[in-house]
Amino acid sequence: MAPLYDLIIRQAKLPDGTLADIAVQNGRIAVVGDVPATARREINLAGRYYASAGWIDSHVHCYPSSPIYHDEPDKVGIACGVTTVVDAGSTGADAVDDFYQFASRAKTRVYALLNIARTGIVTQDELADMARIDKDLAGAAIARHRGFVIGIKARISSSVVGANGVAPLQRAKEIQRENGNLPLMVHIGNNPPDLGRIVDLLGAGDIVTHCFNGKPNRILTPAGELRASVRKALRRGVRLDVGHGTASFSFEVARLAIAQGIYPYTISSDIYCRNRIDGPVHSLAAVMAKFFTLGMTLAQVIDCVTLHAADALRLSQKGRLIPGCDADITLFDVRTAPCVFIDAEGNSVRGEQQLIPLAAVVAGVCLLTDEGKTSHVFDL
Ligand code: ZN
Ligand code: ZN
């Protein structure tokens, strides 16, 4: 009898610890549970290795032609066990067509948040000149790339906006409203503008990235309490994204926030070639594992890069291991061994668990990660 499915992953350990078989057909999840049928290809995880919905990194930089923050989609994607990457504003209206050409050749699924500056990030101060925000060009780029451009990005910190304060953010909110209320991701950092003025402009579904940065304009007061403006924003439905990056993650801020019940909604890396190779980012898995040391469980951490990321970016076919959804799956190991994690402030924290991505399935096609290639756990 002919095999019924394209792929079956057998005896997969799910993040909640239960076991299941996962059957895939025509790029979609077909069954999660007991699968008595056969498939063209089977991978047996023997109850030892984990499978989750494919990891989504909601903040990366992977436009290879970017002069500052460049990388390649498959190096920050598949090689790291990430099935979907979302480039956060490397390109604006001027270069997004070129980026789309690159992105469509990658094995990793790539989406873009369009920088509200038409230039994207070609210099550090893309929003210091308001003339770079052209609403017509942005709207046309969004319309031209529906399904690729899934949101917009505005970097609102002193080195980016210069003397413009929150004026670029007001313009971003207009672009958002005029283009079907797309998700808006806002980068925060040094002031001015003051964080309170930024978050006061944000509403339900808007995303604050670099949420646990350790700069003076951070989400906590000098006494370590959550700022009242941020608390109000969270009540309105504003979401916190990690966006670790080179200079935007402090263990201390994360620890104090989590102690007050303030968890990240999404965990993302803000990875590009330099912080991937030299640290402190290395990979999404390395960023995720830092949250074990902050008391989050495996299931909570995985939710942040699957269900929550899909929800925040309105990728309704992704982030879930349920029949009918895209067959994007990450296969990984949780390795227990003493390790040291370093944040973006140079502080280190000791941990006990690391996440080792072994393979990534994208639309039913199974590919080995860098660790998968060297560890030979699976032969594909
Ligand atoms: Zn940023
Ligand atoms: Zn970034």
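Residues in the sequence shown are numbered from 132 upward in steps of one, following our numbering. Don't be surprised by glycine CBs; every beta carbon is placed ideally from N, CA and C.
### Message
For SER183, tell me which candidate among ALA154, ILE433, LEU244 has the shortest Cα-Cα distance.
### Response
ILE433
Sequence-distant residues of its chain with Cβ nearer than 6 Å to VAL213 (five each side left out) = TRP186, ASP188, LEU415
Next on the checklist: At a threshold of 7 Å, does ALA286 count as lining ligand 1 (C-beta to nearest heavy atom)?
Outcome noted: With the sequence shown as reference, residue 286 is identified as Arg, and Ala is not the correct amino acid for it. Result yes, Cβ under 7 Å from ligand 1.
- Beta carbon of ILE487 nearer than 8 Å to that of ASP464: yes
Given a threshold of 16 other Cβ atoms within 10 Å of its Cβ, counted over all protein chains shown, does THR169 qualify as buried or as exposed? exposed
Which stretch, first to last residue, makes up the alpha helix (DSSP H) that contains VAL383? Before going on, a small fix: residue 383 reads as Glu here, not Val. First-last of the alpha helix (DSSP H) with GLU383: 382–390.
Handout entry: Reference VAL330, options ARG236, GLY208, ILE209, GLY368, closest by Cα
Key = GLY368
Uninterrupted alpha helix (DSSP H) stretches inside the stretch 365–432 (no shorter than 4 residues)
382–390, 404–408, 415–421
Looking only at its own chain, which residues have a Cβ that is under 8 Å from the Cβ of LEU489, when we skip the five neighbours before and after it?
-> TYR180, GLY212, LEU462, PHE463, ASP464, LEU499, THR500, GLU502, GLY503, SER506, VAL508, PHE509
Cβ of HIS341 versus every heavy atom of ligand 1: is any distance shorter than 7 Å?
-> yes
- Does any heavy atom of ligand 1 sit closer than 7 Å to the C-beta of GLY376? yes
* To do: Kindly indicate which three-state DSSP category ALA490 falls into: helix, strand or coil?
  => strand
Assuming ILE306 contacts ILE281 under a Cβ cut-off of 8 Å, what Cβ separation, rounded to an integer in Å, is found between them?
Their Cβ separation, rounded to whole angstroms, is 14 Å, which puts ILE306 and ILE281 out of contact at 8 Å.
- Message: Here's the rule: buried if 16 or more other CB atoms are within 10 angstroms of the residue's CB, otherwise exposed. What is LYS449?
- Response: buried
Sorted by chain position, which residues of the same chain lie with C-beta nearer than 8 Å to SER447's C-beta, five sequence neighbours on each side aside? ALA441
Alpha carbon to alpha carbon, how far is ALA154 from ASN344? 41 Å
- Measure how close the beta-carbons of GLY296 and PRO323 come, nearest whole angstrom, since I'm counting them as under 8 Å. 6 Å
- Item | Short Cβ contact (8 Å threshold) for ASP147 with ASP165 | no
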